[in-house]
Amino acid sequence: MATNDEQTRWIVHGERLIYDNRWIRLGMVDVEIPDGERFEHHAVHLDRAAIAVVVDEQDRVLLMWRHRFLFDRWGWELPGGLVEAGEDPMLTAAREVEEETPGN
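For the sequence shown, this note's numbering assigns the number 85 to the last residue and increments by one with no breaks.
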């Protein structure tokens, strides 16, 4: 008898690379969903990322009000970024807080 996990799992038949650089890789993945439908799905692969949740003595969380040009929208974000090769993710998170919130 199939488990619920097996009944909802997508099957990956293959992937072709569309774009690749040091920050991001974009691929088209040939997938089959549980009902048998098969199609290509965009997949964005990022290197490891680290996000920091900074809380002060009053339980306030540090957020940044940032503009994202692709969507032309402003929104609240946690500080974070990509983990550099050989870097400890905890150090990445701390570095990103310093880089993205100078003076705070």
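Glycine included, every Cβ here is placed at the ideal spot set by N, Cα and C.
Leaving out the 5 sequence neighbours to the left and right, which residues in its chain are closer than 6 angstroms to R47 when beta-carbon positions are compared?
Looking up residue 47 in the sequence shown gives position 66. Cβ-Cβ distances below 6 angstroms link R47 to E58 in the same chain, with the five nearest sequence neighbours on each side left out; the list follows chain order.
What do you reckon, are the CB atoms on V7 and A24 nearer than 9 angstroms?
Start at 1 with the first residue of the sequence shown, and residue 7 comes out as number 26. Start at 1 with the first residue of the sequence shown, and residue 24 comes out as number 43. Residue 7 is actually Leu in this sequence, not Val. Here L7 is near A24, since their CB atoms are less than 9 angstroms apart.
Is the region 12 to 23 close to the region 31 to 42, with three or more CB pairs under 8 angstroms?
Too few Cβ pairs lie closer than 8 angstroms, so no.
CB of L117 within 9 angstroms of CB of V78, strictly
With the chain covering only -18 through 85, there is no way to say anything about residue 117.
Residue from V12, Q39, E81, A75 whose Cα sits closest to the Cα of E(-4):
For the purposes of this step, residue -4 is taken as the residue at position 15 of the sequence shown. V12 is the residue among V12, Q39, E81, A75 whose C-alpha sits nearest the C-alpha of E(-4).
Alpha carbon of V(-7) to alpha carbon of L27, nearest angstrom:
Taking the sequence shown and counting its residues from 1, the one referred to as residue -7 is at position 12. Taking the sequence shown and counting its residues from 1, the one referred to as residue 27 is at position 46. In this model, V(-7) and L27 are separated by some 19 angstroms (Cα to Cα).
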